[in-house]
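K.L.:
Dumping the structure here so I can ask a few things about it.
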Amino acid sequence: MIIVYASKTGFTKKYASMLSEKLGVDIVDVKELPKVPKESEVLYLGWMKVGKVQGLQKMKGHKVVAVCGSGTGRSAEPSEEEVKRRNRIENKSFFYLRGGCRPLRDLKGMDKVMLSMFVKAMRKSAEKDERKKEAVEIIVHGFDGVKEENLIPVLKWAEKRMSSLENR
């Protein structure tokens with residue numbers, strides 16, 4: 001098994017590195033995809049944007065057996081079922097990993113413009129909604145939710161899969 005990842009701000013890469021170390025498998029940035037043999041099983045990690053796991057579309061032709069999506073929410077948004085549908089991975093294991101984001105002041109370009117507009121629009125309704133309030137705080141001040149314990153379900157799945165492959 002090989003871990004392939006796409007990371008924009010480093011949070012997903014942290015998870016990929018942690019998994020690589022724990023499982024004793026290689027890790028490859030999706031930008032270096034030619035290094036990944038087509039016959040190798042891939043555990044794919046990507047950051048999420050509007051329910052889409054970024055970089056996953058580049059994995060066509062590769063043997064992706066499970067997908068991890070990282071985002072800033074406490075759980076996958078939209079639901080895990082909808083994330084699987086949007087990414088056409090209904091027949092694969094999916095794991096949501098709470099990642100993080102850089103503070104708004106550190107962002108540049110369109111990311112900064114779009115998130116600034118989002119924060120401005122959200123602030124009005126955030127006073128009455130704790131989830132929206134938390135989302136605004138995370139965007140404005142940044143957040144790092146990467147924790148080893150978030151990997152427990154992925155590790156259990158991967159260890160079971162790897163041991164079943166060894167026993168064939």
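Numbering (the UniProt record's numbering), first residue to last: 1 to 168. We put the CB at the ideal spot given by N, CA and C, even for glycine. Just so it is clear, the structure is predicted and the values come from calculations on it, not from any experiment.
Report the residue from G99, E159, F143 whose alpha carbon sits nearest the alpha carbon of F11.
P.N.:
Considering only alpha carbons, the answer is G99.
K.L.:
Could you check where the alpha helix (DSSP H) with E21 kicks off and where it finishes?
P.N.:
Looking at the DSSP string, the run of the alpha helix (DSSP H) that includes E21 is 11–23.
K.L.:
Are the region 3–23 and the region 42–60 touching, with three or more C-beta to C-beta distances below 8 Å?
P.N.:
These segments touch.
K.L.:
Within a Cβ cutoff of 8 Å, which residues of the same chain sit near V136, ignoring the five residues on either side of it in sequence?
P.N.:
The residues are V119, M122, R123, A126.
K.L.:
Quick one: is M117 buried, meaning 16 or more other Cβ sit within 10 Å of its Cβ, or exposed?
P.N.:
Classification of M117: exposed, given that the 10 Å Cβ count is below 16.
K.L.:
Kindly indicate the opening and closing residues of the alpha helix (DSSP H) around A121.
P.N.:
A121 -> alpha helix (DSSP H) spans 109–126.
K.L.:
Buried or exposed: where does L165 fall if 16 or more other Cβ atoms within 10 Å of its Cβ makes it buried?
P.N.:
So L165 counts as exposed.
K.L.:
I believe K22 touches L155 by the beta-carbon criterion, under 8 Å. Please report the beta-carbon distance rounded to the nearest angstrom.
P.N.:
6 Å between Cβ atoms; contact.
K.L.:
Would you tell me roughly how many angstroms separate the C-alpha atoms of C101 and G61, rounded to the nearest one?
P.N.:
The alpha-carbon atoms of C101 and G61 are separated by roughly 31 Å.
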